[in-house]
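Chain order of the listed sequences is A and B. If you're matching positions, the first sequence starts at 3 in the working numbering and goes up one per residue. If you're matching positions, the second sequence starts at 6 in the working numbering and goes up one per residue. Quick notes on the structure that follows.
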Amino acid sequence: DVKVTQSSRYLVKRTGEKVFLECVQDMDHENMFWYRQDPGLGLRLIYFSYDVKMKEKGDIPEGYSVSREKKERFSLILESASTNQTSMYLCASQGGSMNTEAFFGQGTRLTVV
Amino acid sequence: GENVEQHPSTLSVQEGDSAVIKCTYSDSASNYFPWYKQELGKGPQLIIDIRSNVGEKKDQRIAVTLNKTAKHFSLHITETQPEDSAVYFCAASEVGTGFQKLVFGTGTRLLVSP
């Protein structure tokens, strides 16, 4: 079974802190994604990556950056956390090309106080 | 870019009833339409998908229909059971022309009462 693992289920951080959310997949997938999930807004794409060291902005990249140094790992970075970044963050991976199914991690609920 | 609208936002049914969730999309180039189910405390999981070369697809109690002309697609769940209670997301993307990313709807919370 494909497994996408996010490093934390719950995180509480202070305003202004630098926050790292880690995601690891074990299926050698090319594509990886970071979404945030908010009530009434669905899943919004923050950043995605289609190869090691490659990254592309999604629909809401402001205040975030990403890192993909190894194929299996995709990190989301909040440079200076703010209260409006309190949300559920979901990582996903996908095989690429015609391999269309996206596999999601269990999510990280981040609270910024 | 693609925009996906999903209705209703919440849906309550009695066990055994049918449930229908509807989505519309804006980009006529989209050709792949998956549905994801998110149970409490978990990430979304693919339950069924349809490509634009077919109009309907079934898998046991769930089915998806697609109307390309009207740019809308629907999820149908028959004989609902309490374990169908979850949040359902539709999505759309264009597959086959390089990198494809999914654009999701806003989600429907389905509650099935015993």
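We put the beta carbon where it would ideally sit given N, CA and C, even for glycine.
(message) Quick check on residue 98(B) - is its C-beta less than 9 Å from some C-beta in chain A?
(response) The residue you call residue 98(B) lines up with position 93 of the second sequence. It does; some Cβ of chain A falls within 9 Å.
(request) Indicate whether at least one CB of chain B lies closer than 9 Å to the CB of residue 46(A). (result) To locate residue 46(A), count along the first sequence from 1; it is residue 44. Answer yes: the Cβ-Cβ gap between residue 46(A) and chain B drops below 9 Å somewhere.
(request) Taking residue 109(A) as the reference, give the member of 44(B), 28(B), 71(B) with the closest Cα. (result) Along the first sequence, one-based indexing puts residue 109(A) at 107. Among 44(B), 28(B), 71(B), the Cα nearest to that of residue 109(A) is on 44(B).
(message) For residue 76(A), tell me which candidate among 44(A), 66(A), 85(A), 18(A) has the shortest Cα-Cα distance.
(response) For the purposes of this step, residue 76(A) is taken as residue 74 along the first sequence, with counting starting at 1. Here the closest residue by C-alpha is 66(A).
(request) Identify whether residue 87(A) lies in helix, strand or coil by the three-state DSSP scheme. (result) Locating residue 87(A) in the first sequence gives position 85, counting from the first residue. Three-state result, residue 87(A): helix.
(request) Determine the extent of the beta strand (DSSP E) in which residue 16(B) is found, giving its start and end residues. (result) Start at 1 with the first residue of the second sequence, and residue 16(B) comes out as number 11. 15-19 is the extent of the beta strand (DSSP E) around residue 16(B).
(request) Return the residues of the region 83-107 of chain A that lie within a Cβ-Cβ distance of less than 7 Å from chain B, sorted by chain order. (result) For the region 83-107 of chain A, the beta-carbon criterion of a distance under 7 Å to any beta-carbon of chain B is satisfied by 92, 100, 102, 103, 104, 106, 107.
(message) Using a Cβ-Cβ distance cut-off of 9 Å, determine whether residue 35(A) contacts chain B.
(response) Taking the first sequence and counting its residues from 1, one reaches residue 35(A) at position 33. Chain B contact via Cβ: present.
(request) Determine, using beta carbons only, whether residue 88(A) and residue 37(B) come nearer to each other than 9 Å. (result) As a first step, residue 88(A) is located in the first sequence; it is residue number 86 there, counting from the start. As a first step, residue 37(B) is located in the second sequence; it is residue number 32 there, counting from the start. It is not a contact, given that the beta carbons lie outside the stated cut-off.
(request) Check the Cβ-Cβ distances between residue 116(B) and every residue of chain A, and say whether any is below 9 Å. (result) The residue labelled residue 116(B) in the question sits at position 111 within the second sequence. Taking 9 Å as the CB threshold, residue 116(B) stays off the interface with chain A.
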